[in-house]
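**Q**
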Amino acid sequence: MQPRSSPKPGRYSRFVRAMRVALPATALATLALVVFWPQLGGLDSDFVFPDVRDVALERDGRVRLDRPSYVGRSNDGDAFRVGAEAARVDPRAPQRVELEHMQADLPGAGSSRGFEVRSLQALFDRDADTLDLDGDIRVRTTDGYELRTQAAVVDVAKGTVHTSTPVDGDGPRGSIVADRMAIEEGGELVRFEGRVRVRLLTGGSTAP
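Residue 449 is where the sequence shown ends in the working numbering, and the numbering goes up by one at each step.
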């Protein structure tokens, strides 16, 4: 039986140096996601962390996690889930978490309206307590309405959403187009601003 050959000294030393850099960076990024991301709204959440195989250190020093998500309940007792195709965090700025293809689900409880929010890109800034959404943002409700825009900012501390790009939406009662939109008071108040055009469905026809 041939003895197992030992790794070449040069290759081994390079591996050790790489791991000394990668392991602390990965640990810090992992800690950042566990600590910061579930605190999007000070919610009581159970973080569901991806398998270690889904964590990778990229060339620019950022750490990528595939399909991370967390689930839990809001302060009002409503179930929710927030997930993404991928999350990236820079260990040098762990308070900022980049999300790709983000999806947030708030089914609602009892007779309350449930929501689904999707965005191509999202950036969570823990210091500012804001979530910047960018690209193909869609808000769908369980009672059949959908709102679409390209850029929005969620103020986590205040529980508000403001868009900086035009909004269009439709549902069972008609459609609406506006320059901007603001959602306040925890979703109880939705305000359309700028030039607003509404079409109401009356008896199967559309009335301007």
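Cβ coordinates follow ideal geometry from the N, Cα and C atoms, glycine included.
Looking only at DSSP bridge pairs, what is residue 416 linked to?
**A** BP columns for residue 416 point to 411, 440.
**Q** Given a cut-off of 7 Å, decide if residue 422 and residue 408 are closer than it, judged by their beta-carbon atoms.
**A** yes
**Q** Quick check on the burial criterion: 16 or more other C-beta atoms within 10 angstroms. Buried or exposed for residue 302?
**A** exposed
**Q** In the DSSP assignment, the beta strand (DSSP E) including residue 432 goes from what residue to what residue?
**A** 430–434
**Q** When the Cα atoms are used, what is the spatial distance from residue 419 to residue 356?
**A** 20 Å
**Q** Skipping 5 residues on each side, what residues in its chain have a beta carbon closer than 6 Å to that of residue 344?
**A** 324, 359
**Q** Answer with buried or exposed for residue 329, where buried requires no fewer than 16 other C-beta atoms within 10 angstroms of its C-beta.
**A** buried
**Q** Residue 396: which of 425, 296, 310 sits nearest, CA to CA?
**A** 425
**Q** According to DSSP, is residue 426 helix, strand or coil?
**A** For residue 426, the three-state secondary structure derived from DSSP is helix.
**Q** Of all the options 403, 339, 322, which has the alpha carbon lying nearest to the alpha carbon of residue 304?
**A** Checking every option, the nearest Cα to that of residue 304 belongs to 339.
**Q** For residue 451, which residues in the same chain have their Cβ closer than 6 Å to its Cβ, ignoring the five residues on either side in sequence?
**A** Outside the modelled stretch of the chain, which goes from 242 to 449, sits residue 451, for which no answer is possible.
**Q** If you draw a straight line from the C-alpha of residue 291 to the C-alpha of residue 322, how long is it?
**A** In this predicted model, residue 291 has a pLDDT of only 44, less than 50, meaning its place in the structure is not dependable; the value taken from the coordinates is given anyway. Cα to Cα, the separation comes out at about 15 Å.
**Q** Helix, strand or coil, according to DSSP, for residue 405 in the structure here?
**A** Coil at residue 405, not helix or strand.
**Q** Out of curiosity, what's the CA-to-CA distance linking residue 310 and residue 432?
**A** 30 Å
**Q** Which same chain residues, not among the five before or five after residue 366, have their C-beta less than 6 Å away from its C-beta?
**A** 337
**Q** Is the Cβ-Cβ distance between residue 415 and residue 442 less than 7 Å?
**A** yes
**Q** Determine the extent of the beta strand (DSSP E) in which residue 379 is found, giving its start and end residues.
**A** 371–382
**Q** Could you spell out where the beta strand (DSSP E) holding residue 357 opens and where it closes?
**A** 356–366
**Q** In the structure shown, what three-state DSSP assignment does residue 324 receive?
**A** strand
**Q** The beta strand (DSSP E) spanning residue 307 covers which residue range?
**A** Start and end: 304–307.
**Q** Under 6 Å Cβ to Cβ from residue 378, same chain only, skipping five residues before and after it: list those, please.
**A** In the same chain as residue 378, and ignoring 5 residues on each side of it, the C-beta atoms closer than 6 Å to its own belong to 360, 390, 393, in chain order.
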